[in-house]
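From first to last, the protein sequence lines are chains A and B. Be aware that the first sequence starts at 1, since it is given in my numbering, and climbs by one per residue. Be aware that the second sequence starts at 1001, since it is given in my numbering, and climbs by one per residue. Worksheet: the structure to be examined is printed underneath.
2 protein chains.
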Amino acid sequence: MATIKDVAREAGVSIATVSRVFNDKGLVSTTTESQVRAVASRLNYWPNAMARSLITNRTHTLGVLLPDLHGEFFSGVIRGLDVTARREGFHLLVSSSHSGIDELASALRSMRGRIDGLVVMAPDVESMGSIRGWAGDVPIVLIDPRTEFTEHDSVAIANVEGAQAMVQHLLSLGHRSIATVSGPVRNVDARQRLAGYRAGLREVGAERSRRLELAGDFTEPSGYQAVAALLALDPRPTAVFVANDHMAVGVLRALAEAGVRVPDDMAVAGFDDIETARYLSPPLSTVRVDRFQLGARALQRLLHRTRAGAPAEAHRHEVLPTSLVIRQSCGSARAITPQSRAGEPFAAGGSMTTATRERRTEEFR
Amino acid sequence: MATIKDVAREAGVSIATVSRVFNDKGLVSTTTESQVRAVASRLNYWPNAMARSLITNRTHTLGVLLPDLHGEFFSGVIRGLDVTARREGFHLLVSSSHSGIDELASALRSMRGRIDGLVVMAPDVESMGSIRGWAGDVPIVLIDPRTEFTEHDSVAIANVEGAQAMVQHLLSLGHRSIATVSGPVRNVDARQRLAGYRAGLREVGAERSRRLELAGDFTEPSGYQAVAALLALDPRPTAVFVANDHMAVGVLRALAEAGVRVPDDMAVAGFDDIETARYLSPPLSTVRVDRFQLGARALQRLLHRTRAGAPAEAHRHEVLPTSLVIRQSCGSARAITPQSRAGEPFAAGGSMTTATRERRTEEFR
DNA sequence: GGTCTCGGTGTAATCGTTTACATCCACACG
DNA sequence: CGTGTGGATGTAAACGATTACACCGAGACC
């Protein structure tokens, strides 16, 4: 592979000049420049990234640390990160599937020096510990709904508001006894969705009780299993808010097997709007989360920090809005939506158009 | 950030000794070693990856180049890559969502020097062009079913065999007129699946005709649209093999809207076994592809090349087996599967257990 | 007691860049 | 015709590691 010296020699100039050409520093006469470029492309020369990084202390690479999360969520977020990074000329060093905090720490440490910044998503309550310590001193952006990490920027989903809005919707349909299937107790998003559920009920003074809060862990089987407890409740709730769509899949299946009709006997609502949601029977009403945007915003904030001339700027916690996607599983769409819409190829896919848009961007600063 | 010099000074040794400690080169007395390690951890020292790479010419990073593909496929493959890479102590530099060949080329060029090897997935026929030229001289492993790229290793799905097996299954159910909805004409996997479809029909001398080969592009809408042509066929086929599950989703919806019962009036089969497949109504019979394994194997081959003591080894084209997942959309499972299996929580999820396992690993060497 | 061997250690060159500083040259100006 | 100016270029010192090579001292051996 050709080096800067080869180019300099062939072009009859010094390496400093070649360097200047490749860094657009001006100060090089146009004739020299074109000569250098010609030689460079003839030799298939490209500046060595490692040597460059060594002296400039910048790698043009951003680290991404993700937990082992579900396919659909994962790919949405990472696409947002990826597209944004490439547009800005940055590379992405990704590392996902971390189970414990130790794995996370060692992954972080081994990234040290390879990256100019870091996006971290670690929804387990305790795992956020001392990321700063492991990571060296690059800027960090969290994809995390907590605002108490005042030393980092963050981007998050409006879990509380989304859950609350969905519960309010169920209430508006006349339900007064609404259960929930919650996520892992240590998961921050799960906690916030539970909080949103409670807040929604509190507002109208509907029945509130621990009885109605069923345990789950964001997996489909846990949703399936929760249904036994749900149906055992006496009096039986008429609706259930499930804290993510994966569990809702399990809930729907269990209800079908138990002969409980949805939405007539039991209204069901989910959270996330995964692809599958619209193909369930009945199609699942859910809270839509823009996963792409989540990744894209996180990366933009990180880049902003990375090149900041004014690094003194206060840290921001940005919250992305969610929106309700009302399909048939909660019962309200039946009146609105005629059974057949043959003339309209993507009615199901286009359910966003019938959705109630809830909450616009709320940026706290 | 502490450098090797700081550690050397504090520990009262030379930088060579510190270096030897951190490279497990032996030749250092145990007392010196422990002293150095103590100082290093006190100073929070870790060798600078860039400086290291500059002189050793190894980055401990592998590049991953993916097209802009559908969420579910993508995340499966990348998990396989990621998990394997981390286990082997390598980082992953990913770049996806490339539309044209130019984008691919520039992405490749900018990775030059940052990686020790490359995994490329570029299913469009022409895009494989001169990857070697862009990429520098690191080893490359393709995720690609073609075997004509004799200068690289490759890992692929058994498209032909999978499609053929599914068609044979439909034939065994008594269907004699089987249509197909094909993928993009430039896509290699799509071509191979079409070839498999044809081969399956040829074998038993069933009806073969261009009429029966409907155009699609792997997207859901294209599947939906293909149904118009399908139903217009006279005589109408009794079964359709759809070249991927996304299109099959569209096909099923269009058939439902047209009042065509599946599988009674029309049997439907897909390819890929995406998550959604089992939740469609009726649940989709399809050809299962192990996406995780696809990524994992590709990475293993790449690592093998990367550290190869014997680089002269001939290039291999590895083909991963597929398996049939028979659900209800093709009609055969109805007899086997009792409608209710309440006692068995994950019957639907566990449909692999009822699947006919087709073709074991075939490694060509 | 010399010499050989060998484990432990240090010195210095090297990897391929960027960049501060020095130098050179042409030209304008008084 | 000196001198100042400023653009174009070159020289050389970093950046932080690895590693070939030299060196040194302590036993082993004769």
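For each residue, glycine too, the CB sits at the ideal point set by N, CA and C. Predicted, not measured: the structure shown is a model, and the values here were computed from it.
Open item on the list: What does the alpha-carbon distance come out to for the pair A/LYS25 and B/TRP1134?
Closed with: Here residue 25 of chain A corresponds to residue number 25 of the first sequence, with the count starting at 1. Here residue 1134 of chain B corresponds to residue number 134 of the second sequence, with the count starting at 1. Going from the Cα of A/LYS25 to the Cα of B/TRP1134 covers about 26 Å.
- [ ] State the Cα-Cα distance for the pair A/HIS175 and A/ALA239, rounded to the nearest angstrom.
- [x] Counted from its first residue, the first sequence places residue 175 of chain A at position 175. Counted from its first residue, the first sequence places residue 239 of chain A at position 239. When rounded, the distance between both Cα atoms is 7 Å.
- [ ] Let me know the secondary structure DSSP gives B/ARG1211 once reduced to three states.
- [x] Here the question's residue 1211 of chain B lines up with position 211 in the second sequence. Helix at B/ARG1211.
TODO: Check the DSSP bridge columns for A/VAL181 and list the partner residues they point to.
DONE: Counted from its first residue, the first sequence places residue 181 of chain A at position 181. DSSP lists A/LEU214 and A/VAL242 as partners of A/VAL181.
Open item on the list: Less than 8 Å between CB atoms is the rule here; does A/TYR279 satisfy it with respect to chain B?
Closed with: As a first step, residue 279 of chain A is located in the first sequence; it is residue number 279 there, counting from the start. Yes, contact with chain B.
Open item on the list: Checking 8 Å against the spacing of the C-beta atoms, do A/PHE90 and A/LEU62 come in under that value?
Closed with: Your numbering for residue 90 of chain A matches position 90 in the first sequence. Your numbering for residue 62 of chain A matches position 62 in the first sequence. Note that the C-beta distance between A/PHE90 and A/LEU62 is below 8 Å.
Task: Buried versus exposed call for B/GLY1259 [16 or more other C-beta atoms within 10 Å across all chains shown] - done: Mapped onto the second sequence, residue 1259 of chain B falls at position 259. B/GLY1259 is exposed by the Cβ-count criterion.
Task: Residue interval of the alpha helix (DSSP H) (run including A/SER53) - done: Locating residue 53 of chain A in the first sequence gives position 53, where the first residue counts as 1. A/SER53 -> alpha helix (DSSP H) spans 49-56.
Open item on the list: Whether or not the stretch 253-267 of chain A and the stretch 185-198 of chain A are in contact is what I'm after, with contact meaning three or more pairs of Cβ atoms, one per stretch, closer than 8 Å; do they touch?
Closed with: Touching, no, given that fewer than three Cβ pairs across the two stretches are closer than 8 Å.
TODO: Locate the alpha helix (DSSP H) running through A/SER376, then write down its first and last residues.
DONE: An answer regarding residue 376 of chain A cannot be provided, because it is not within the stretch 1 to 365 covered by chain A.
Task: Residues within the stretch 68-79 of chain A neighbouring chain B, beta-carbon criterion of under 7 Å - done: GLY71, GLU72, PHE74, SER75, GLY76 and ARG79
TODO: List the residues that DSSP assigns as beta-bridge partners of A/GLY63.
DONE: Stepping through the first sequence from its first residue, residue 63 of chain A is reached at position 63. Answer by DSSP bridge pairing, in chain order: A/LEU93 and A/LEU118.
Task: Distance, A/ARG109 Cα to A/ILE4 Cα - done: As a first step, residue 4 of chain A must be located in the first sequence, where it is residue number 4. As a first step, residue 109 of chain A must be located in the first sequence, where it is residue number 109. The alpha-carbon atoms of A/ILE4 and A/ARG109 are separated by roughly 32 Å.
- [ ] Mind checking the stretch 1024-1036 of chain B against chain A and listing, in chain order, the residues whose C-beta falls within less than 7 Å of any C-beta there?
- [x] none
TODO: Keeping to the same chain, check which residues put their C-beta closer than 7 Å to that of B/ILE1115; ignore five residues upstream and five downstream.
DONE: Reading the second sequence from its first residue, position 115 is the one you call residue 1115 of chain B. So the list reads THR1059, THR1061, LEU1062, GLY1063, LEU1093 and VAL1138, once near-sequence residues are dropped.
- [ ] Hey, could you find the ends of the beta strand (DSSP E) B/LEU1233 is sitting in?
- [x] Numbered from its first residue, the second sequence carries residue 1233 of chain B at position 233. Element bounds for B/LEU1233: n/a, residue is neither H nor E.
- [ ] Let me know the secondary structure DSSP gives B/HIS1175 once reduced to three states.
- [x] Your numbering for residue 1175 of chain B matches position 175 in the second sequence. Residue state, collapsed to three classes: coil.
Task: Cα-Cα separation, A/SER29 to A/ARG9 - done: For the purposes of this step, residue 29 of chain A is taken as the residue at position 29 of the first sequence. For the purposes of this step, residue 9 of chain A is taken as the residue at position 9 of the first sequence. When rounded, the separation of the alpha-carbon atoms in A/SER29 and A/ARG9 is 18 Å.
TODO: Indicate whether at least one CB of chain A lies closer than 8 Å to the CB of B/GLY1295.
DONE: To locate residue 1295 of chain B, count along the second sequence from 1; it is residue 295. Under the Cβ distance rule, B/GLY1295 does not count among the residues neighbouring chain A, no pair being separated by less than 8 Å.
TODO: Check whether the Cβ atoms of B/ALA958 and B/VAL1325 lie closer than 8 Å to each other.
DONE: Outside the shown range of chain B, which is 1001 to 1365, sits residue 958 of chain B, and nothing can be said about it.
TODO: Measure from the C-beta of A/ILE15 to each C-beta in chain B and report whether the shortest distance is under 8 Å.
DONE: Here residue 15 of chain A corresponds to residue number 15 of the first sequence, with the count starting at 1. No, A/ILE15 does not count as interfacial toward chain B.
- [ ] Could you list which residues in chain B have their beta carbon closer than 8 Å to that of A/GLY223, in chain order?
- [x] Within the first sequence, the letter at position 223 stands for residue 223 of chain A. None at all; the shortest Cβ gap to chain B is about 11 Å.
Open item on the list: Counting only beta-carbon separations shorter than 8 Å, does B/ALA1040 have a partner in chain A?
Closed with: Position 40 of the second sequence, counted from the start, is the residue given in the question as residue 1040 of chain B. No, its Cβ sits nowhere closer than 8 Å to a Cβ of chain A.
TODO: Kindly list the residues whose CB is nearer than 7 Å to the CB of A/PRO184, restricted to its own chain and excluding five residues on each side of it in sequence; keep chain order.
DONE: Start at 1 with the first residue of the first sequence, and residue 184 of chain A comes out as number 184. Taken in chain order, the residues that qualify are ALA190, ASP217 and PHE218.
TODO: Check the Cβ of A/LEU212 against every Cβ in chain B and list those closer than 8 Å, keeping chain order.
DONE: Numbered from 1 along the first sequence, position 212 holds the residue referred to as residue 212 of chain A. Correct list: empty, because the minimum Cβ distance to chain B is about 23 Å.
Task: Interface flag, B/HIS1091 vs chain A, CB-CB below 8 Å - done: By 1-based counting over the second sequence, the position of residue 1091 of chain B is 91. Yes, B/HIS1091 lies at the interface with chain A (some Cβ there is under 8 Å from its Cβ).
- [ ] Along the alpha helix (DSSP H) that carries A/ARG132, what are the first and last residues, could you check?
- [x] Counting from one through the first sequence, the residue named residue 132 of chain A turns up at place 132. Here the alpha helix (DSSP H) through A/ARG132 covers 131-135.
- [ ] Please confirm whether A/LEU201 and A/ALA179 have their CB atoms less than 8 Å apart.
- [x] Translated into the one-based positions of the first sequence, residue 201 of chain A becomes position 201. Translated into the one-based positions of the first sequence, residue 179 of chain A becomes position 179. No, the pair does not count as a contact, with Cβ atoms beyond the cut-off.
Open item on the list: Helix, strand or coil, according to DSSP, for A/ARG327 in the structure here?
Closed with: Position 327 of the first sequence, counting from 1, holds the residue named residue 327 of chain A. Note: A/ARG327 maps to coil in three-state DSSP.
Task: Whole-angstrom distance between A/ASN187 and A/GLY162, CA atom to CA atom - done: Counted from its first residue, the first sequence places residue 162 of chain A at position 162. Counted from its first residue, the first sequence places residue 187 of chain A at position 187. Near 17 Å, if we compare the C-alpha coordinates of A/ASN187 and A/GLY162.
- [ ] Using the DSSP secondary-structure output, state which residues sit across from A/ASN368 in a beta bridge.
- [x] Summary: the structure shown does not reach residue 368 of chain A, with chain A confined to residues 1 through 365, and so no result is reported for it.
Task: Same chain only: Cβ atoms within 6 Å of A/LEU212, ignoring 5 sequence neighbours per side - done: Taking the first residue of the first sequence as 1, we reach residue 212 of chain A at position 212. These residues qualify, in order along the chain: ALA179.
- [ ] Report yes or no: is there a C-beta of chain A within less than 8 Å of the C-beta of B/ASN945?
- [x] Past the edges of chain B, shown from 1001 to 1365, lies residue 945 of chain B, and the structure says nothing about it.
Task: Within-8 Å CB hit, B/ASN1187 to chain A - done: For this step, residue 1187 of chain B is matched to residue 187 along the second sequence. No, B/ASN1187 does not count as interfacial toward chain A.
Task: Cβ of B/ILE1058 within 8 Å of any chain A Cβ - done: Residue 1058 of chain B sits at position 58 when you count from the first residue of the second sequence. Here the sequence assigns Arg to residue 1058 of chain B, which means Ile is not the residue at that position. Chain A contact via Cβ: absent.
Open item on the list: In whole angstroms, give me the CA-to-CA distance for A/ILE157 and A/SER209.
Closed with: For the purposes of this step, residue 157 of chain A is taken as residue 157 along the first sequence, with counting starting at 1. For the purposes of this step, residue 209 of chain A is taken as residue 209 along the first sequence, with counting starting at 1. The straight-line gap from Cα to Cα measures roughly 26 Å.
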